[in-house]
Each structure stands twice: as structure tokens, then as C-alpha cells.
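Taken in order, the sequence shown gives residues 914 to 998; the numbers are from this note's numbering. The beta-carbon is built from N, C-alpha and C at its ideal position, and this holds for glycine as well.
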Amino acid sequence: MMFVFSGCGGNGNNFMTSEECIKQCRTADICTLPREVGRCKASFPRHYFNAATGNCEQFIYGGCGGNANNFASMAECRARCQRSG
């Protein structure tokens, strides 16, 4: 879905083209992607799924770049990545 990015507080789910979006999101399960703080210097508390521990964990996101394993809340991360049971 196309949107206008203001440049503040974004995450890794932000692509220049729809082709880039489709390639990234369909080829990799976002929950297996590594934590990426991004290339900018902001300090946003975010959450990612740590595939090694099987848990969602907090990290500090720089505000741009990164990847799609980047969630605004712990609940959002858990809903997308953690398996119950």
C-alpha cells in the first residue's frame, strides 16, 4: 500500500518501490530477520523478534533503514511472530 513517509519514526517496512516491497516481504519471513537499528541517529524504542530465543525483545531504532522485523509494540511483535504453546 502506498503512503507518504514524513521521515520520522518509521520502520523497516518502508520501500522506495512496490517491487522492492514485494521482493523483501515475500522472500523472507520477517520474524527471522536480524535486529537492525537502522542508519539514522534517532532513538525510538521498538521491538523485534529474536529467533534465537523465540521471544520479542526491545531495541533502540535509529529512525530509518533497518528491516521489517521492527514493531511499534511488544503486542504487535508477539501477534506476528511468537507461537503460542
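(message) Tell me the residue span of the alpha helix (DSSP H) that contains CYS969.
(response) By 1-based counting over the sequence shown, the position of residue 969 is 56. Taken as a continuous stretch (DSSP letters only), CYS969 belongs to no alpha helix (DSSP H), being part of the beta strand (DSSP E) at 968 to 974.
(message) Quick check on ASN968: buried or exposed, where buried means 16 or more other Cβ atoms within 10 Å of its Cβ?
(response) Taking the first residue of the sequence shown as position 1, residue 968 is located at position 55. Exposed: under 16 other Cβ atoms inside 10 Å.
(request) Please report the residue range of the beta strand (DSSP E) in which ARG952 lies. (result) Looking up residue 952 in the sequence shown gives position 39. Taken as a continuous stretch (DSSP letters only), ARG952 belongs to no beta strand (DSSP E), as it is neither H nor E.
(message) Can you find the residues in the same chain that come closer than 6 Å, C-beta to C-beta, to ILE943, ignoring five residues on each side of it along the sequence?
(response) Locating residue 943 in the sequence shown gives position 30, counting from the first residue. Once the five neighbours on either side are set aside, the close Cβ partners of ILE943 are ALA981, ASN982.
(request) Mark ARG959 as exposed unless 16 or more other C-beta atoms lie within 10 angstroms of its C-beta, in which case mark it buried. (result) Taking the sequence shown and counting its residues from 1, one reaches residue 959 at position 46. Burial call: buried.
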